[in-house]
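What follows is a set of notes on a single structure, which appears directly below.
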Amino acid sequence: MAAQSTSTTDHAFRTERDSIGEMQIPADAYWGIHTARAVHNFAISRRPISVYPDLIVAYAQVKQAAARANLELGDLDPVRADLIDRACQDIIEHKLHDQFVVGVIQGGAGTSTNMNVNEVIANRALELAGRPFGDYAYISVNDHVNRSQSTNDTYPTAVKLGLVGATERLISEFTLLQDAFRQKGVEFKNVLKVGRTQLQDAVPMTLGQEFHGFATTIGEDISRLRDVLPLLLELNLGATAIGTGITADPNYGPAVIRHLREITAHDELRIAHDLIEATSDTGVFMSLSSVMKRTAMKLSKICNDLRLLSSGPQAGFGEINLPPVQAGSSIMPGKVNPVIPEAVNQVAYVIAGTDVTVAMASESGQLQLNAFEPVMMHSLMQNSLWLRRAARTLRVNCVDGITANEERLARMVSTSVGVVTALTPFIGYAESAKLAKDALASQRPIAELVVERGLLTHEQVAAILVPTQLSGAQPATGTINLLPAATVASMESELDRADEREGQ
Numbered sequence: 065m066a067a068q069s070t071s072t073t074d075h076a077f078r079t080e081r082d083s084i085g086e087m088q089i090p091a092d093a094y095w096g097i098h099t100a101r102a103v104h105n106f107a108i109s110r111r112p113i114s115v116y117p118d119l120i121v122a123y124a125q126v127k128q129a130a131a132r133a134n135l136e137l138g139d140l141d142p143v144r145a146d147l148i149d150r151a152c153q154d155i156i157e158h159k160l161h162d163q164f165v166v167g168v169i170q171g172g173a174g175t176s177t178n179m180n181v182n183e184v185i186a187n188r189a190l191e192l193a194g195r196p197f198g199d200y201a202y203i204s205v206n207d208h209v210n211r212s213q214s215t216n217d218t219y220p221t222a223v224k225l226g227l228v229g230a231t232e233r234l235i236s237e238f239t240l241l242q243d244a245f246r247q248k249g250v251e252f253k254n255v256l257k258v259g260r261t262q263l264q265d266a267v268p269m270t271l272g273q274e275f276h277g278f279a280t281t282i283g284e285d286i287s288r289l290r291d292v293l294p295l296l297l298e299l300n301l302g303a304t305a306i307g308t309g310i311t312a313d314p315n316y317g318p319a320v321i322r323h324l325r326e327i328t329a330h331d332e333l334r335i336a337h338d339l340i341e342a343t344s345d346t347g348v349f350m351s352l353s354s355v356m357k358r359t360a361m362k363l364s365k366i367c368n369d370l371r372l373l374s375s376g377p378q379a380g381f382g383e384i385n386l387p388p389v390q391a392g393s394s395i396m397p398g399k400v401n402p403v404i405p406e407a408v409n410q411v412a413y414v415i416a417g418t419d420v421t422v423a424m425a426s427e428s429g430q431l432q433l434n435a436f437e438p439v440m441m442h443s444l445m446q447n448s449l450w451l452r453r454a455a456r457t458l459r460v461n462c463v464d465g466i467t468a469n470e471e472r473l474a475r476m477v478s479t480s481v482g483v484v485t486a487l488t489p490f491i492g493y494a495e496s497a498k499l500a501k502d503a504l505a506s507q508r509p510i511a512e513l514v515v516e517r518g519l520l521t522h523e524q525v526a527a528i529l530v531p532t533q534l535s536g537a538q539p540a541t542g543t544i545n546l547l548p549a550a551t552v553a554s555m556e557s558e559l560d561r562a563d564e565r566e567g568q
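Whatever position you read off the sequence shown (first residue = 1), add 64 for our numbering.
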């Protein structure tokens with residue numbers, strides 16, 4: 065039975081009824097009895113769906129597209145269609161988001177979220193019509209707002225659309241981080257250092273090459289994130305309950321997807337060719353989760369390297385200095401720890417764990433529906449948000465302020481046996497190996513021993529051990545394309561606005 069309401073005498077509450085019974089709802093609440101039951105039933109995470117504004121906006125866009133399609137097909141009258149459309153637009157413009165109060169973790173495959181959205185839209189539409197909240201005989205939550213729809217097609221559609229926006233902002237933040245590493249690659253392009261394999265001295269390289277490598281790693285993950293975006297644009301909208309399209313006009317699917325393209329400006333939106341399969345399949349969520357995990361793990365590896373390279377200052381590598389952002393110890397005066405990379409490491413660990421959550425939830429679907437999409441939504445939305453903020457924290461509070469200990473680096477290169485590899489083509493592997501062993505035992509530079517033993521002249525050694533030669537034939541940082549300052553400022557401004565909306 066559709067929810068109905070009557071007003072109480074004190075006007076502080078309204079009474080709404082459903083098939084289970086009746087409840088008192090705050091008179092000024094845009095949500096109704098279905099939402100109230102869900103809030104009571106799922107007081108688990110204490111995190112309302114409003115913490116993910118991308119989801120709320122996307123759901124309103126889906127409802128707006130549905131209203132327009134139903135109007136077009138004659139399944140919704142012009143007056144109600146207009147009121148619902150306007151109510152949806154308010155939500156799209158980030159109004160009323162505090163009314164989305166059901167928890168992110170919920171049973172029912174997202175039905176509580178769908179009904180929360182339906183009720184807020186219905187009551188806002190009633191308000192626009194000058195009618196009291198809860199007057200569902202005039203605008204019904206089920207018969208008008210939810211017409212031609214099911215949770216089982218609208219919820220995954222809204223989740224996918226929300227994740228598109230969240231992933232696009234994640235890509236933007238990683239693009240800025242990539243640029244920050246590139247900037248450091250240019251700054252350190254002539255700073256020679258000892259490369260290491262398995263934590264042992266290897267051959268020389270430049271610090272610029274190392275940081276450019278970090279930038280390239282970030283770029284690869286940006287590409288993988290972009291690869292997932294088209295998969296999120298395949299929808300099962302119009303499938304309704306299990307993919308058969310029951311209760312919807314046969315022309316509803318093409319109509320609603322056309323309107324949704326116009327509303328979202330995503331021209332690539334398309335209906336899955338097999339709606340039965342698409343309604344039960346959650347493979348795209350596993351794909352996105354996997355890419356996010358890959359991105360997080362590779363970023364964590366970079367943070368491991370930054371912590372190692374900055375270790376010391378006296379008894380560690382001491383090659384670079386991370387910005388001192390806070391005191392590091394409550395007992396050891398003057399100690400400064402690499403807290404920013406450590407924090408990013410921990411975000412990566414969370415993302416690795418939630419990737420398992422998404423995989424288990426996806427596998428647990430049964431027959432024509434997966435009931436566990438809410439935890440997948442929560443995991444992916446949280447991962448996108450945390451990973452994006454971790455990237456910004458790393459960039460602003462760490463990477464931008466990194467400096468090099470150039471004298472220490474030069475000293476380590478001059479005393480490292482790794483330079484002997486450059487001499488191998490001229491004196492042979494066996495002689496080079498002996499030189500390396502003797503230099504290590506005597507703590508004398510390789511160059512001195514080579515000349516002393518008459519293997520090469522001083523001039524020959526100097527020509528071979530030129531820093532630019534030691535770091536390889538390729539330019540120290542390759543071809544660098546840095547972002548214009550105006551582009552960086554514009555991207556940062558847009559991301560700041562997103563942070564304000566999310567407010568977490």
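All residues carry an ideal CB built from backbone N, CA and C; glycine is no exception.
For clarity, every value in this text was computed on a predicted model and none was experimentally measured.
Asked	Found
Where residue 257 falls: helix, strand or coil (DSSP)	strand
CA-to-CA distance, residue 433 to residue 345, given in whole angstroms	8 Å
Within 9 Å, strictly: CB atoms of residue 183 and residue 205	yes
Which of helix, strand or coil DSSP assigns to residue 385	strand
Distance, residue 402 Cα to residue 507 Cα	32 Å
Reference residue 157; option with closest CA among 135, 187 and 120	120
Stretch pair the segment 461–481 + the segment 285–296: three plus CB contacts closer than 8 Å	no
Residue 239 beta carbon less than 9 Å from that of residue 256	no
Straight-line gap, residue 162 to residue 95 (C-alpha atoms, nearest Å)	10 Å
Residue 545 burial status per 10 Å Cβ neighbour count (16 or more: buried)	exposed
Cβ-based neighbour list, residue 503, same chain, cut-off 6 Å, excluding 5 preceding and 5 following	481, 510 and 513
Uninterrupted alpha helix (DSSP H) stretches inside the segment 320–377 (no shorter than 4 residues)	339–344 and 347–373
Cβ-Cβ distance between residue 349 and residue 444 below 9 Å	yes
Per DSSP, cross-strand counterpart(s) of residue 90	77
Candidates 335, 179 and 76, of which the one nearest residue 113 by Cα	179
One or two residues paired with residue 264 in a DSSP bridge	261
Residue 509, enclosing alpha helix (DSSP H) - first and last residue	Per DSSP, residue 509 belongs to no alpha helix (DSSP H) and is neither H nor E.
Terminal residues of the alpha helix (DSSP H) in which residue 492 lies	Per DSSP, residue 492 belongs to no alpha helix (DSSP H) and is neither H nor E.
Cβ-based burial, residue 237 [other Cβ within 10 Å; buried from 16]	buried
Close Cβ partners of residue 563 (< 6 Å) along its chain, the five nearest in sequence each way excluded	none
Residue burial classification, residue 273 (beta-carbon count within 10 angstroms, cutoff 16)	buried
Rounded straight-line distance, which links the Cα of residue 304 to that of residue 337	15 Å
Three-state secondary structure (DSSP) of residue 396	coil
Spatial neighbours of residue 267 in its chain, beta-carbon cut-off 6 Å, leaving aside the 5 residues before and after	259, 482 and 485
Presumed contact (8 Å Cβ cut-off) between residue 425 and residue 440, rounded CB distance	5 Å
C-beta contact flag for residue 299 and residue 334 at 9 Å	yes
Residue range of the alpha helix (DSSP H) that includes residue 239	215–251
Simplified DSSP assignment, three categories, for residue 112	strand
Counted within 10 angstroms of its Cβ, other Cβ atoms place residue 75 as buried (16 or more) or exposed	exposed
Exposure of residue 447, with buried meaning 16 or more beta-carbon neighbours within 10 Å	buried
Residues of its chain near residue 377, where Cβ-Cβ distance is below 7 Å and the 5 sequence neighbours each way are ignored	none
Cβ-Cβ distance between residue 100 and residue 108 below 9 Å	no
Distance CB(residue 389)-CB(residue 130) smaller than 9 Å	no
Three-state secondary structure assigned by DSSP to residue 190	helix
Residue of 254, 195, 191 and 132 minimising C-alpha distance to residue 471	254
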